[in-house]
Amino acid sequence: MSSVRKTETIPEWKREEVAELVEFIDSYQSVGIVGVAGIPSRQLQAMRRELHGSAAVRMSRNTLTNRALEEVDDGVEELTEYVSGQVALVGTNDNPFGLFKQLEASKTPAPINEGEVAPNDIVIPEGDTGVDPGPFVGELQTVGAAARIQDGSIKVTEDSTVLEEGEVVDNDLANVLVELGIEPKEVGLDLRAVYSEGVLFEPDELELDVDEYRADIQSAAAAARNLSVNAAYPTAATAGTLLAKGSGEAKSVGLFAEIESPDVVPDLIGKADAQLRALATQIDDEEALPEELQGVEAAPAAEPAADDADEEEQADEDTEDAETADTDDDADDDDGDDGGEGLGAMFG
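Counting in the working numbering, the sequence shown runs from -13 upward without gaps.
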């Protein structure tokens, strides 16, 4: 007995639908699968309007969506493993991180219905329910809330966890939550995966703390600048710091070696003046001192290596080294001027 070969006939409307889905997938740099279960049609339409201009949502039968993904190929067919239940395609020219952030921001609170699983612990908060005394106090107590009639109203006396995450909502609790206006779940487009530029991303890879990420980048940049300065490797970002640091170190060498350079002379005079004052204060008999040094107080101790120390500290702290170095030089010049007056009074 010969077998009969049957040829599957695909309706024209399915061919057209697949062609439109393929065109949709090819139109965007990033394509993903989103879950749409439990979203009322009105809210779904509002979400589509909110995404207009930045992303688009295309719903179809799962079998046709899979066929379109496989037809496009090029890696995007990896999304077929996420096509189950009530889903839709989402396309955007934004990066996957921006898409995830936008989809999360579009989610809105919604009531939870009987038979649904609690997405988190459901808590009835302490306070006045605003409901007049009556049978509702018994309904609250039945679902596990600490409630009683007080001052002519039904009040919850403490925060009451009435259902834990993962447990199923029954009819009594669903009615109580509706009466209190508590909406314990969020509804929105639930991104399952997105394919972009040859890479498949899942939600846990897209959920970033932007502030923490920015801080990490800033810390890495500061460490790189410090490495460049400490290794004396000039770059556009560190050339000014290296020049200021080198200038400070050269000045410290000049002071230590007492080189009579125009840039160092004021500091040398200040240093000598400080030493002279310190010596004068050690002599108890003022009459043994020249008149110009009688009653002279010791000058503040000079810090010839201050520039060098300051420059290194500033490089480590990633500050504006060049500007600070200029400030230190000005301070040193001021010390030099004071020293000039002291020595001038003695030898002028």
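Just so you know, even glycine gets a beta-carbon here, dropped at the ideal spot from N, CA and C. Please read these numbers as outputs of a predicted model, since none were measured by experiment.
Within 10 Å of its beta-carbon, does residue i have 16 or more other beta-carbons around it, so buried, or fewer, so exposed?
i       : result
Arg35   : exposed
Ile269  : exposed
Asp259  : buried
Arg53   : buried
Tyr219  : exposed
Leu194  : exposed
Ile(-4) : exposed
Thr313  : With a pLDDT of 42 at Thr313, under the threshold of 50, the modelled position of this residue cannot be trusted, and the question is left open.
Ser233  : buried
Arg1    : exposed
Ser247  : exposed
Ser139  : exposed
Asn106  : exposed
Asp190  : exposed
Val62   : buried
Thr49   : exposed
Gly77   : buried
Ser40   : exposed
Pro26   : exposed
Gly18   : buried
Arg178  : buried
Tyr199  : exposed
Leu276  : Checking the sequence, you will find Pro at residue 276 rather than Leu. Exposed is the call here.
Val215  : buried
Gly256  : buried
Ser13   : exposed
Val4    : buried
Ala131  : buried
Val336  : Outside the shown range of the chain, which is -13 to 334, sits residue 336, and nothing can be said about it.
Thr221  : exposed
Ala346  : The structure shown does not extend to residue 346, since the chain spans only -13 to 334, so no value can be given for it.
Ala133  : buried
Assuming residue i and residue j make a contact with CB atoms under 8 angstroms, what is their CB distance in whole Å?
i      : j      : result
Pro82  : Ser182 : 5 angstroms
Val58  : Ile11  : 5 angstroms
Leu213 : Glu64  : With 8 angstroms as the limit, Leu213 and Glu64 do not qualify as a contact, their Cβ atoms being about 40 angstroms apart.
Ile110 : Val142 : 6 angstroms
Ala266 : Leu279 : 5 angstroms
Gly152 : Ala104 : 6 angstroms
Phe86  : Leu192 : 4 angstroms
Val250 : Lys237 : 6 angstroms
Glu112 : Glu144 : 5 angstroms
Gln88  : Leu37  : 7 angstroms
Asp80  : Ser16  : 7 angstroms
From the DSSP secondary-structure annotation, give me the bridge partner or partners of residue i.
i       : result
Val17   : Gly77 and Tyr181
Glu(-2) : In the DSSP output, where bridge partners are listed per residue, Glu(-2) has none listed.
Val58   : DSSP, once it has assigned bridges, lists no residue as partnering Val58.
Phe187  : Val180
Arg44   : Leu75
Glu6    : Glu6 pairs with nothing; no bridge assigned.
Glu172  : Pro95
Would you say the stretch 196 to 211 touches the stretch 41 to 50, given that touching needs at least three Cβ pairs under 8 angstroms? Output reads no: the stretch 41 to 50 does not touch the stretch 196 to 211.
Which runs of the alpha helix (DSSP H) fall wholly inside the stretch 215 to 265 and span at least 4 residues, in chain order? 225 to 243
Continuous beta strand (DSSP E) assignments of at least 3 residues falling wholly in the stretch 83 to 108: 94 to 96
Counting pairs of Cβ atoms below 8 angstroms between the stretch 141 to 159 and the stretch 90 to 106, do you hit three or more? yes
Is the stretch 18 to 36 touching the stretch 60 to 76, taking contact as three or more C-beta pairs under 8 angstroms? yes
Does the stretch 217 to 228 come close enough to the stretch 240 to 260 that 3 or more CB-CB pairs lie under 8 angstroms? no
Between the stretch 173 to 182 and the stretch 114 to 124, are three or more C-beta pairs nearer than 8 angstroms? Not touching, per the Cβ criterion.
Identify every run of the alpha helix (DSSP H) within the stretch 106 to 166, keeping only runs that are complete inside it and at least 4 residues long; order them along the chain. Every unbroken stretch of the alpha helix (DSSP H) spanning 4 or more residues and falling wholly within the stretch 106 to 166 is given here in chain order: 122 to 128 and 157 to 166.
Say whether the stretch 125 to 133 touches the stretch 142 to 152, bearing in mind that this needs 3 or more beta-carbon pairs closer than 8 angstroms, one atom from each stretch. yes
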